[in-house]
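The block underneath contains the structure these notes are about, expressed in structure tokens.
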Amino acid sequence: MNPLVTPDIGLIVWTTVSFGVLFFLLAKFAWKPIMTAIDERERSIEDSLLKAEAAKEEMARLTSENEALLKQARAERDIILHEAKRVKDQIVSDAKDIAHKEAARMIELARVEINNQKAIAMADVKNQVATLSLEIAEKVLKQQLADQKKQDELVSQLLKEVNIEISDFGIAISELEK
Amino acid sequence: MYKSSILKSKIFTLLQICAVFLTLTSLSQPAFSQEKTPESTENGVEKKFEPSEVILEHIADSHYFHLWGDVAFPLPVILYTNKGLEVFSAANFEHGHQDYTGKYYTYRLIGDKINIVGANSELTESSTVFKGSSLIDLSITRNVVSMWMSILFLLIIFFSVSSAYKKNVGKAPKGLQSFMEPIILFVRDDIARPNIGYKYQRFMPLLLTIFFFIWINNLIGLVPFFPGGSNLTGNIAVTLVLSVITLLMVNLNGNKHYWKHIFIPADVPVWIWPLWWVIELVGIISRPFALMIRLFANITAGHIIVLSLISLIFVFKSLYIAPVSVAFVVFMDILELLVAALQAFIFTLLTALFIGTAIEEAHH
Numbered sequence: 000m001n002p003l004v005t006p007d008i009g010l011i012v013w014t015t016v017s018f019g020v021l022f023f024l025l026a027k028f029a030w031k032p033i034m035t036a037i038d039e040r041e042r043s044i045e046d047s048l049l050k051a052e053a054a055k056e057e058m059a060r061l062t063s064e065n066e067a068l069l070k071q072a073r074a075e076r077d078i079i080l081h082e083a084k085r086v087k088d089q090i091v092s093d094a095k096d097i098a099h100k101e102a103a104r105m106i107e108l109a110r111v112e113i114n115n116q117k118a119i120a121m122a123d124v125k126n127q128v129a130t131l132s133l134e135i136a137e138k139v140l141k142q143q144l145a146d147q148k149k150q151d152e153l154v155s156q157l158l159k160e161v162n163i164e165i166s167d168f169g170i171a172i173s174e175l176e177k
Numbered sequence: 000m001y002k003s004s005i006l007k008s009k010i011f012t013l014l015q016i017c018a019v020f021l022t023l024t025s026l027s028q029p030a031f032s033q034e035k036t037p038e039s040t041e042n043g044v045e046k047k048f049e050p051s052e053v054i055l056e057h058i059a060d061s062h063y064f065h066l067w068g069d070v071a072f073p074l075p076v077i078l079y080t081n082k083g084l085e086v087f088s089a090a091n092f093e094h095g096h097q098d099y100t101g102k103y104y105t106y107r108l109i110g111d112k113i114n115i116v117g118a119n120s121e122l123t124e125s126s127t128v129f130k131g132s133s134l135i136d137l138s139i140t141r142n143v144v145s146m147w148m149s150i151l152f153l154l155i156i157f158f159s160v161s162s163a164y165k166k167n168v169g170k171a172p173k174g175l176q177s178f179m180e181p182i183i184l185f186v187r188d189d190i191a192r193p194n195i196g197y198k199y200q201r202f203m204p205l206l207l208t209i210f211f212f213i214w215i216n217n218l219i220g221l222v223p224f225f226p227g228g229s230n231l232t233g234n235i236a237v238t239l240v241l242s243v244i245t246l247l248m249v250n251l252n253g254n255k256h257y258w259k260h261i262f263i264p265a266d267v268p269v270w271i272w273p274l275w276w277v278i279e280l281v282g283i284i285s286r287p288f289a290l291m292i293r294l295f296a297n298i299t300a301g302h303i304i305v306l307s308l309i310s311l312i313f314v315f316k317s318l319y320i321a322p323v324s325v326a327f328v329v330f331m332d333i334l335e336l337l338v339a340a341l342q343a344f345i346f347t348l349l350t351a352l353f354i355g356t357a358i359e360e361a362h363h
């Protein structure tokens, strides 16, 4: 038989023993830790990828939420600003009204006061004028009636006047008779 | 499928090489034949170069580890005879020129095989069995030494890789670890998982060990000098052991469905069952047998081609053929590099496939 295809017992024995030992050693001290480590790493990578995906989704959710919030905030701000403006206008117009009213009232008061004062002043002036007139008349009369001639003259004049008046009066009566 | 395509490609390349060579040699022979120089002679007589002898010597196992040139160190011989155990150094044989008389018998090295010769030592036996004696050669031969070196190498590599995994847990692999990881993952994702299925994890240690053992030894076999120079995976005893491991692994893990298919096949008339059992038995044996032959033949064929190409230099007794020869040897070595990985892959793949069919769940 060809030596090439004749298995040697010795080599079979040594190969079996050696391969067995190699298998045992590698399986226990190499393959087990290596395969465990690879599996663990793969699992952790998968986990991390899933987590990253979840985080991304969460992020997107938060962003959209933020945007919604922002939008809402803007809308609220607009409303508040609007309200504030309205209130301000109101206050201003109210104030204006009040001011107008107050001014009108004060003017009215002033006018009344002025009128009062004026009336008082007029009365006073009248009194004074009356007094002054009396005093002047007194003085004039005193001076006029100082001598006799003048008195007579005056009386006659006065009498004349009264006559005229009576004649006038008579004319008037005659006219009435007619 | 794989086997046939690989075989075809191998035959094809072989034919190509032969064709190129024939044309080259037929052209160059007249020119070289005139420049013949006298060869190294032994005792004045020209020693004829026998390529087949040299090639077989290189391919077969040996009791000496050839280092380079004429330097070879003798290996321990362990013999288990019917009278007892004998241990001595192969140096005692002086490369087959001397008989050695041990405690029980006288031994002679013939064609690197140990034979028992008669007491008068003039009798040479053609077989290892002398009258009334039996001999089991358990020597630490070249292949055993080579195997142990490869095992040491594998252990160093994978222990360091394993410790690297322990050192940088959860980190990217570095150095040797990052070189080995894709190969380990290749075995897992392309060999074990698709063929075995979800129960692949239990078989990973065996598949990885087989893959790396065959691959490393194929590669070591390609190195022409120490620590290479052996032909371990091209030795039928080694491939026999590997294929028996596959045989046992497949059949010890066979589930109910697998055995039911063999012994009580459904849809088969009962009277055919005996024939069916025979066929199934042949099938069980022939699958690992094919594994054994495939690995052995591929690696041995590669070695034979390389050695033949080298031998051409000595056959033509011309230095001028050397560049051509070397060019083809380089080409073959590169091809063998591919074959080394490919055969490891195929052996592991088919082992996984057989295991897969044995543990497959019933699905009909």
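Note that the protein sequences, when read in sequence, are chains V and D. Quick note on numbering: numbering that gives the first Met the number 0 labels position 160 of the first sequence as 159, and the sequence is numbered without any gaps. Quick note on numbering: numbering that gives the first Met the number 0 labels position 259 of the second sequence as 258, and the sequence is numbered without any gaps. The beta carbon of each residue, even a glycine, is placed where N, CA and C say it ideally should be.
*CA-CA distance, Phe28(V) and Phe158(D)?*
7 Å
_Nearest-angstrom Cβ-Cβ length linking Ile209(D) and Leu241(D), presumed shorter than 8 Å_ = 7 Å
*From Leu205(D) to Phe313(D), what distance separates their C-alpha atoms?*
44 Å
*So is Ser43(V) buried or exposed if we call it buried at 16+ other beta carbons inside 10 Å?*
exposed
_I'd like to know if Met34(V) contacts chain D, where contact means its C-beta is closer than 9 Å to some C-beta of that chain._
yes
*Which value, in whole angstroms, describes the spacing of the CA atoms of Leu274(D) and Leu290(D)?*
25 Å
*Measure the alpha-carbon distance for Thr238(D) versus Trp214(D) and round it to whole angstroms.*
13 Å
*Once you ignore the five residues that flank Ile309(D) on each side, which residues in its own chain have a CB closer than 8 Å to its CB?*
Ser324, Val328
*Under the DSSP definition of a beta bridge, which residues are partnered with Ala71(D)?*
His65(D)
_Do Ser138(D) and Val76(D) have their beta-carbon atoms positioned less than 9 Å apart in this structure?_
yes
*Between which two residues does the alpha helix (DSSP H) containing Val310(D) stretch?*
Note on identity: in this sequence residue 310(D) is Ser, with Val being the wrong assignment. First-last of the alpha helix (DSSP H) with Ser310(D): 272 to 315.
*asked:* Looking at chain V, is there any beta carbon in it that lies within less than 9 Å of the beta carbon of Leu154(D)?
replied: yes
*Output yes if chain V places a C-beta closer than 9 Å to the C-beta of Ile235(D); else output no.*
yes
*What are the boundary residues of the beta strand (DSSP E) that includes Tyr106(D)?*
105 to 109
*So with Cβ pairs under 9 Å, would you call Gln342(D) a contact of chain V?*
no
_Tell me the rounded alpha-carbon separation between Pro29(D) and Ala326(D)._
Any reading at Pro29(D) must be qualified, since the residue scores a pLDDT of 37, below 50, and its modelled position is unreliable; no value is offered.
*Using a threshold of 9 Å, state whether the C-beta atoms of Ile183(D) and Ile37(V) are closer than that.*
yes
*Does the Cβ of Thr208(D) lie closer than 8 Å to at least one heavy atom of the ligand FMN?*
Looking for the ligand FMN in the displayed structure turns up nothing, as the structure carries no ligands at all.
_Same chain, Cβ closer than 6 Å to Pro2(V), five either side skipped, listed in chain order_ = none
_CA-to-CA distance, Ala59(V) to Asp332(D), given in whole angstroms_ = 59 Å
*Beta carbon of Met248(D), beta carbon of Thr350(D): below 9 Å?*
yes
*asked:* What does the Cβ neighbour count give for Ile358(D), buried or exposed, with the cut at 16 atoms within 10 Å?
replied: buried
*In angstroms, rounded to a whole number, what distance separates the CA positions of Val4(V) and Gly174(D)?*
41 Å
*Note down the Cα distance separating Leu246(D) from Tyr257(D), rounded to an integer number of angstroms.*
14 Å
*asked:* For a cutoff of 9 Å on Cβ pairs, would you count Phe295(D) as touching chain V?
replied: yes
*Whole-angstrom distance between Ile135(V) and Glu176(V), CA atom to CA atom*: 44 Å
*His65(D): which of Lys166(D), Asn216(D), Asn142(D) sits nearest, CA to CA?*
Asn142(D)
*According to DSSP, is Asn142(D) helix, strand or coil?*
helix
*asked:* With H, G and I counted as helix, E and B as strand and the rest as coil, what does DSSP make of Asp60(D)?
replied: coil
*asked:* So, with DSSP's three-state summary, where would you put Phe224(D)?
replied: coil
*Top-ranked residue by Cα proximity to Thr299(D), from Phe92(D), Trp272(D), Gly220(D), Arg286(D)*: Gly220(D)
*Starting from the C-beta of Glu360(D), find all residues in its chain whose C-beta is less than 7 Å away, skip the five residues before and the five after it, and write them out in chain order.*
His256
*If you follow the alpha helix (DSSP H) that Val116(D) is part of, which residue opens it and which one closes it?*
No alpha helix (DSSP H) holds Val116(D); the beta strand (DSSP E) holding it covers 112 to 116.
*asked:* Quick check: is the beta carbon of Glu360(D) nearer than 9 Å to any beta carbon in chain V?
replied: no
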